[in-house]
Amino acid sequence: MNTEPCDRTQMEPVEELTEDVEYYWDLVEFYSEGTSFRVPRHGFMTDSATFASMYGLDRTPSFFAPVNSFPAVNLNPDATADEFRVFLRALYPKQLQGELSLSTSEWLIVLKLSTKWRFNGFRKMAISKLSPLSGTDPIEKVLLGNEFSVDAWLLSGYRELVNRDASISIAEAKQIGLDDAIKLCGLREDWKIPGRRNPILQGEEASERLDAEIKNLYLDNFEAIREAQSLYMSSEERAEDERMRQIAEREAKEAAESKAREEGIAAQRLLDLQRMEEEQKLNQMLDQELGHRLDEIDAIALMQNDAVTRHDEPPTAPCTPLAENSLAGVEVSICRPKNLTPNQRRKKEEKERRVYERQLREEMDRRVRAEAAQREQGMERA
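Per the working numbering, the sequence shown starts with residue 16, numbered consecutively.
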């Protein structure tokens, strides 16, 4: 039995191969300070369109060019050889299991290059690994916060400079800028006023108030950082930010529509209240007029009854007309028919009184409806 390994390259003819769409990577060469690096191109293409465009990695090689024939990329002066080597450790770690282990200085290099080249995912990772910069000098926190647009570091540095006992030195003032140093000294003096750092105000309440004063004092700095941070958002963060923006716009629109509905309801209620008040006033006026007219009827009826009781001659006219009501426009007559007993006459007069009251009420209702129709027409025109 032959146990020698066979040479399949000699035994089988070479067949035409197809490049795999996922795992057939192009290699690209970088050099800096006389050192050459050769790594897969895909990481630079997928993680930063800015880097790919900046160094021409997004251009397709000529059809006649050999495989992996991308020209070498010169990184000088953007990154030293040592810096790029550290960055490649993050981009292409040798060990895929476990967390990436880099020193603080190495994470700062990753932060520097990922910020410059817009590797936003690695920038976020570096900030997370470095935060909260424990043990870092507050001046360094301010400088790093401004340089890399990290508002938490900037705020922390200013807070420590305000709370520390040592004053701001000339060298420190030059580092953070004289204008910012003058503002900081003023805030330090103001914060030392008795009661500001009273034990009662220590802790979260005092810290929140100090943070608010720092943000207000350095408003331009924090606004610039906020604008810059939008450039360093990952694709997931951009999608989430867009989703939150759409939600905020939808909620604002719904709030505006709800407010408009509430204002419309309130306006309608006010109009209804005004209408009720006007109707009440009109009804009161009509009730008063009705009372006056009915009193006149009662007075005439009483006079007629008295004449009957005294056996006076009946009036020449069969009926006694009342003057037309100036408000209601209803004319009525109280008649005293002949040959009626006092009881019949009283019933006749009560019937006529009810008829007159009904007519007057109908006229009142007609006027109320006319007033309401005029108001509605006025609202429609408005």
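For each residue, glycine too, the CB sits at the ideal point set by N, CA and C.
Check                                                                                                   : Outcome
Beta bridge counterpart(s) of F52 as assigned by DSSP                                                   : F45
Own chain, CB closer than 7 Å to L103, minus 5 neighbours either side, in chain order                   : F52, V54
Where N91 sits in the DSSP three-state scheme                                                           : coil
Per-residue burial, M379 [other beta carbons within 10 Å of its own, 16 or more giving buried]          : buried
Supposed close pair L145, T119 - CB separation, criterion 8 Å                                           : 7 Å
Where A181 sits in the DSSP three-state scheme                                                          : coil
Closest Cα partner of R224 within the set W206, E238, N236                                              : W206
Coil, strand or helix - R382 by DSSP                                                                    : helix
Spatial distance of K109 from S116 (CA atoms)                                                           : 11 Å
Local conformation of D235 per DSSP, three classes                                                      : helix
Best match in S129, G150, G172, A167 for proximity to M140 [C-alpha to C-alpha]                         : S129
Same chain, Cβ closer than 6 Å to I191, neighbours up to 5 away in sequence not counted                 : V157
C200 at chain C interface by Cβ criterion, 9 Å                                                          : In summary, chain C is missing from the structure at hand, where a single protein chain is found.
Straight-line Cα distance separating I124 from E48                                                      : 17 Å
Cβ pair R172, G160 closer than 9 Å                                                                      : Going by the sequence as given, residue 172 is Gly instead of Arg. For G172 and G160, yes; Cβs fall inside 9 Å.
Buried versus exposed call for R308 [16 or more other C-beta atoms within 10 Å across all chains shown] : buried
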